[in-house]
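Colleague: Dumping the structure here so I can ask a few things about it.
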Amino acid sequence: MAAERALAMATCTAPVNIAVIKYWGKRDTDLILPINSSLSVTLHQDQLKTTTTAAASRDFTEDRLWLNGAEVDVGHPRVQACLREVRRLARKRRGGSEDTTTLGLLSYKVHVASENNFPTAAGLASSAAGYACLVSALARLYGVEDELSEVARRGSGSACRSMWGGFVQWQRGERPDGTDSLAHQVAPETHWPELRVLVLVVSGKKKPVASTAGMQTSVETSPLLKHRAEVVVPERLAQMIRHIRERDFEGFGQLTMQDSNQFHATCLDTFPPIFYLNDLSRHIIALAHRYNAHHGHIKVAYTFDAGPNAVIFTLADTVDEFVEVVRCSFPPTTNGDQFVRGLPVGSAALPQELMAAVVTEPVPGAVQYILHTKPGPGPQLVDDPSQHLLGADGLPRHHA
Ligand code: DP6
654 MAAERALAMA TCTAPVNIAV IKYWGKRDTD LILPINSSLS VTLHQDQLKT
704 TTTAAASRDF TEDRLWLNGA EVDVGHPRVQ ACLREVRRLA RKRRGGSEDT
754 TTLGLLSYKV HVASENNFPT AAGLASSAAG YACLVSALAR LYGVEDELSE
804 VARRGSGSAC RSMWGGFVQW QRGERPDGTD SLAHQVAPET HWPELRVLVL
854 VVSGKKKPVA STAGMQTSVE TSPLLKHRAE VVVPERLAQM IRHIRERDFE
904 GFGQLTMQDS NQFHATCLDT FPPIFYLNDL SRHIIALAHR YNAHHGHIKV
954 AYTFDAGPNA VIFTLADTVD EFVEVVRCSF PPTTNGDQFV RGLPVGSAAL
1004 PQELMAAVVT EPVPGAVQYI LHTKPGPGPQ LVDDPSQHLL GADGLPRHHA
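At position 13 of the sequence shown the residue is numbered 666 (this note's numbering), and the sequence of numbers has no breaks.
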């Protein structure tokens, strides 16, 4: 028993999510309380996930954190907020009971190691998966089973939505202490089996203005953002939930595109303005509209966050053709064999009329690769001890 308590360890994985009604702007920057509710789709962890191991031992002399193998400062206020909140819940849970294991663990320092199965530089919302995973692993370590989206929110706003699978709403809440600013599931990942996601990775560069700083300038200067939060988003949320419940792709797709566009309009309305879309993003937007126009209805829908990568929602029966459209529009210059990754994509021959109407000015090499994925579940516990990222000595295992 004593030996068992000398080193306790838990490993979890957590997903990336992509918002279809965007979060942009805080009313409380410390507690991370948003000015509007938001809604996202959780992406499948077979393609994109963070894995985190948290360990506690009486032998550890300080809290330590490693990201993708490199040690980073554990003193970051958001990491500290997550640690503090999970520990607080663990103490509360213990209450008056005689759970000496938790009591012991809570007095020990922790080591945490976290890794993504995708390149951080690809600009794929890694902080959401990262903080969701940190909170999940710490909670497992301490045996906390409470609702944890409130804690993940303290790491990064969008992280609270990665605490659930499928279709997830983050309710802005009303209380100043944030206890009602939580994420909940609107529908599970099994709800819409045909829904597919194509991530068009267009840039390895870091985003120009970090979202945390960018959104604060928007709150301070953009009248459009105020109108959006007060008037537009409440209406759109109700609509979006209806489209999801009814699996109405046209309604879902149109609103997804409109909301992405309005988010980027608030960025332009920010002073000084913020630009996340570039020429290539606009090229992809125009391509999606030409493709939909050719078919006479909405078959693909784009959305962009605080970076130039495009995320495309579509249905399974459209994937092969649209991937071919992307391949012809942005002919790969290198790694042609790895241009399409993730879920399998079949081949498609594009009809001449479609080529003529949709593929107008090809830009070779502009899209690095396409990742094909779909909605997936929330954080998972990893049972297999060989998957822990920390060794028996509490240090990161050597990884390739
Ligand atoms: C554009 O959650 O990264 O992706 O709360 O400051 O950590 P912080 O910001 P973050 O913002 C995400 C903004 C967005 C839209 C969204 O995911 O809803």
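Where a beta carbon is used, it is the ideal one built from N, C-alpha and C, also for glycine. The structure displayed is predicted, hence computed values, not measured ones.
1. For the region 875 to 937, list the alpha helix (DSSP H) runs that are entirely contained and at least 4 residues long, ordered along the chain.
2. Taking E803 as the reference, give the member of G831, A790 and V763 with the closest Cα.
3. For Q1040 and T664, I'd like the C-alpha separation in whole angstroms.
4. Quick check on this structure: which residue in S780, V765 and H764 has the alpha carbon closest to the alpha carbon of F771?
5. Would you say G819 touches the ligand DP6, meaning its beta carbon is less than 7 Å from a heavy atom?
6. In angstroms, rounded to a whole number, what distance separates the CA positions of G783 and S690?
7. So, at 7 Å on beta carbons, what are the nonlocal neighbours of A812 in its own chain, with the 5 sequence-adjacent residues on each side left out?
8. Between which residues of its own chain and A672 is the CB-CB distance below 6 Å, once the five residues before and five after are set aside?
9. How many Å lie between L1009 and A1002 at the Cα?
10. Contact between the region 867 to 876 and the region 916 to 931: three or more CB pairs below 8 Å?
11. Please indicate yes or no: does the CB of T865 lie closer than 7 Å to some heavy atom of the ligand DP6?
12. Using C-beta distances below 7 Å, list every residue in its chain close to I685, excluding the 5 sequence neighbours before and after it, in chain order.
13. Helix, strand or coil for F653 per DSSP?
14. Just to confirm my understanding: we take N945, look at its own chain, exclude 5 residues before and 5 after, and list those with CB closer than 7 Å. What are they?
15. Under DSSP, the beta strand (DSSP E) around Y955 begins and ends at which residues?
16. Taking 7 Å as the line, does the beta carbon of Y955 fall inside it for any heavy atom of the ligand DP6?
17. With a Cβ-Cβ cutoff of 8 Å, do Q698 and T666 count as a contact?
18. Buried or exposed: L908, going by 16 or more other Cβ atoms within 10 Å of its Cβ?
19. Could you pull out every residue in the same chain whose Cβ sits closer than 7 Å to the Cβ of E842, ignoring the five residues on either side in sequence?
20. What do you get for Q1005, buried or exposed, if any count of 16 or more other CB atoms within 10 angstroms of its CB means buried?
21. Is G810 a contact residue of the ligand DP6, with contact defined as CB to any heavy atom under 7 Å?
22. Whole angstroms are fine: how far does the CA of R746 sit from the CA of F928?
23. Which same chain residues end up closer than 6 Å to E977 when comparing Cβ atoms and leaving out the 5 residues on each side of it in sequence?
24. Do you know offhand how far V732's Cα is from S864's?
25. Return the chain-ordered list of same chain residues with a C-beta closer than 8 Å to the C-beta of T986, the five sequence neighbours on each side being excluded.
26. So G783 is in the alpha helix (DSSP H); what residue range does that whole segment cover?
27. Please go through the same chain and pick out, in chain order, the residues whose beta-carbon is closer than 6 Å to the beta-carbon of I965, but skip the five residues on each side of it.
28. Do L1043 and M662 come within 8 Å of each other at the CB atom, strictly closer than that value?
29. If we require 3 or more residues per run, which beta strand (DSSP E) segments fall completely within the region 996 to 1031?
30. Mind checking A1053: buried by the 16 CB within 10 Å criterion, or exposed?
31. For Q991, count the other beta carbons within 10 Å of its own beta carbon; 16 or more makes it buried, fewer makes it exposed. Which is it?
32. Quick check on the burial criterion: 16 or more other C-beta atoms within 10 angstroms. Buried or exposed for S789?
33. Give the secondary structure of E798 by DSSP, where H, G and I count as helix, E and B as strand, and everything else as coil.
34. For R737, tell me which candidate among W719, K762, E724 and V725 has the shortest Cα-Cα distance.
35. Am I right that R1032 and M816 are in contact with their C-beta atoms under 8 Å? What's the rounded C-beta distance?
36. Label V884 either buried or exposed according to how many other C-beta atoms from any shown protein chain fall within 10 Å of its C-beta, with 16 as the threshold for buried.
Modeller: Let's see:
1. 876 to 880, 886 to 898 and 902 to 922, all fully within the region 875 to 937.
2. Translated into positions along the sequence shown, residue 803 becomes position 150. The shortest Cα separation from E803 among G831, A790 and V763 belongs to G831.
3. Walking along the sequence shown from the start, residue 1040 turns up at place 387. Walking along the sequence shown from the start, residue 664 turns up at place 11. Pairing Q1040 with T664, the inter-Cα distance amounts to about 8 Å.
4. Sequence index remark: in the sequence shown, residue 771 carries index 118 (1-based). It is S780 whose Cα lies nearest to the Cα of F771.
5. Numbered from its first residue, the sequence shown carries residue 819 at position 166. Using a cutoff of 7 Å, the CB of G819 does not count as near the ligand DP6, since none of the ligand's heavy atoms is closer than that.
6. Walking along the sequence shown from the start, residue 783 turns up at place 130. Walking along the sequence shown from the start, residue 690 turns up at place 37. Those two C-alpha atoms are separated by around 21 Å.
7. Taking the first residue of the sequence shown as 1, we reach residue 812 at position 159. Around A812: S780, A781, Y784, A785, A805 and R806.
8. As a first step, residue 672 is located in the sequence shown; it is residue number 19 there, counting from the start. Cβ within range, chain order: S691 and S693.
9. Start at 1 with the first residue of the sequence shown, and residue 1009 comes out as number 356. Start at 1 with the first residue of the sequence shown, and residue 1002 comes out as number 349. Before going further, note that residue 1009 is Ala rather than Leu in the sequence given. Going from the Cα of A1009 to the Cα of A1002 covers about 13 Å.
10. Two segments are said to touch when three or more pairs of C-beta atoms, one from each, lie closer than 8 Å; by this definition the region 867 to 876 touches the region 916 to 931.
11. Here residue 865 is taken as the residue at index 212 of the sequence shown, counted from 1. Under cutoff, so the answer is yes.
12. As a position in the sequence shown, residue 685 is number 32, starting the count at 1. Answer for I685: K679, R806, R807 and G810, listed in chain order.
13. Residue 653 lies beyond the stretch modelled for the chain, which goes from 654 to 1053, so this question has no answer here.
14. Within the sequence shown, numbered from 1, the residue matching residue 945 stands at position 292. Setting aside the 5 residues that flank it on each side, N945 is surrounded in the same chain by I951, K952 and V953, each with a C-beta closer than 7 Å to its C-beta; the list follows chain order.
15. For the purposes of this step, residue 955 is identified with residue 302 of the sequence shown, where counting begins at 1. Residues V953 to T956.
16. Here residue 955 corresponds to residue number 302 of the sequence shown, with the count starting at 1. It does not: the Cβ of Y955 is nowhere closer than 7 Å to a heavy atom of the ligand DP6.
17. Looking up residue 698 in the sequence shown gives position 45. Looking up residue 666 in the sequence shown gives position 13. A contact, by the Cβ cut-off of 8 Å.
18. In the sequence shown, counting from the first residue as 1, residue 908 sits at position 255. L908 sits buried, since 16 or more C-beta atoms from the chains shown fall within 10 Å of its C-beta.
19. The sequence position of residue 842 within the sequence shown is 189, counting from 1. Cβ neighbours of E842 within its own chain (closer than 7 Å, five residues either side excluded): T695, G818, G819, P1028, G1029 and P1030.
20. The residue you call residue 1005 lines up with position 352 of the sequence shown. Classification of Q1005: exposed, given that the 10 Å Cβ count is below 16.
21. Along the sequence shown, read from residue 1 onward, the residue named residue 810 stands at position 157. For the ligand DP6, a non-hydrogen atom lies closer than 7 Å to the CB of G810.
22. Reading the sequence shown from its first residue, position 275 is the one you call residue 928. Reading the sequence shown from its first residue, position 93 is the one you call residue 746. For the pair F928 and R746, the Cα-to-Cα distance works out to about 45 Å.
23. The count along the sequence shown starts at 1 and reaches residue 977 at position 324. If the five residues before and after E977 are omitted, its C-beta is found closer than 6 Å to the C-beta atoms of A1001 and L1003, all from its own chain and listed in chain order.
24. Indexing the sequence shown from 1 puts residue 732 at position 79. Indexing the sequence shown from 1 puts residue 864 at position 211. Linking V732 to S864 through their CA atoms gives a straight-line distance of about 17 Å.
25. The residue labelled residue 986 in the question sits at position 333 within the sequence shown. The residues are P1017 and G1018.
26. By one-based count along the sequence shown, residue 783 stands at place 130. Secondary structure note for G783: its alpha helix (DSSP H) is the uninterrupted segment S779 to Y795.
27. On the sequence shown, position 312 is the one that residue 965 refers to. In the same chain as I965, and ignoring 5 residues on each side of it, the C-beta atoms closer than 6 Å to its own belong to L851, V953 and Y955, in chain order.
28. For the purposes of this step, residue 662 is taken as residue 9 along the sequence shown, with counting starting at 1. For the purposes of this step, residue 1043 is taken as residue 390 along the sequence shown, with counting starting at 1. Here M662 is near L1043, since their CB atoms are less than 8 Å apart.
29. Counting whole runs of 3 or more residues, the region 996 to 1031 contains the beta strand (DSSP E) stretches 1022 to 1026.
30. Start at 1 with the first residue of the sequence shown, and residue 1053 comes out as number 400. Low local confidence applies: a pLDDT of 47 at A1053 is under 50, so the model's placement there is unreliable, with the coordinate-based value given in what follows. With fewer than 16 other CB atoms across the displayed protein chains lying within 10 angstroms of its CB, A1053 is exposed.
31. The residue you call residue 991 lines up with position 338 of the sequence shown. Under this definition Q991 is an exposed residue.
32. Locating residue 789 in the sequence shown gives position 136, counting from the first residue. It counts as buried.
33. Reading the sequence shown from its first residue, position 145 is the one you call residue 798. In this structure, E798 counts as coil in the three-state DSSP scheme.
34. As a position in the sequence shown, residue 737 is number 84, starting the count at 1. Check the Cα spacing between R737 and each of W719, K762, E724 and V725: the tightest is with K762.
35. The residue given as residue 1032 occupies position 379 in the sequence shown. The residue given as residue 816 occupies position 163 in the sequence shown. Arg is not the amino acid found at residue 1032; the sequence shown has Pro there. Contact between P1032 and M816 holds, since their C-beta atoms are separated by about 6 Å, short of 8 Å.
36. As a working mapping, residue 884 is identified with position 231 in the sequence shown. Taking all protein chains in view, the Cβ of V884 is surrounded by fewer than 16 other Cβ atoms within 10 Å, so the residue is classified as exposed.
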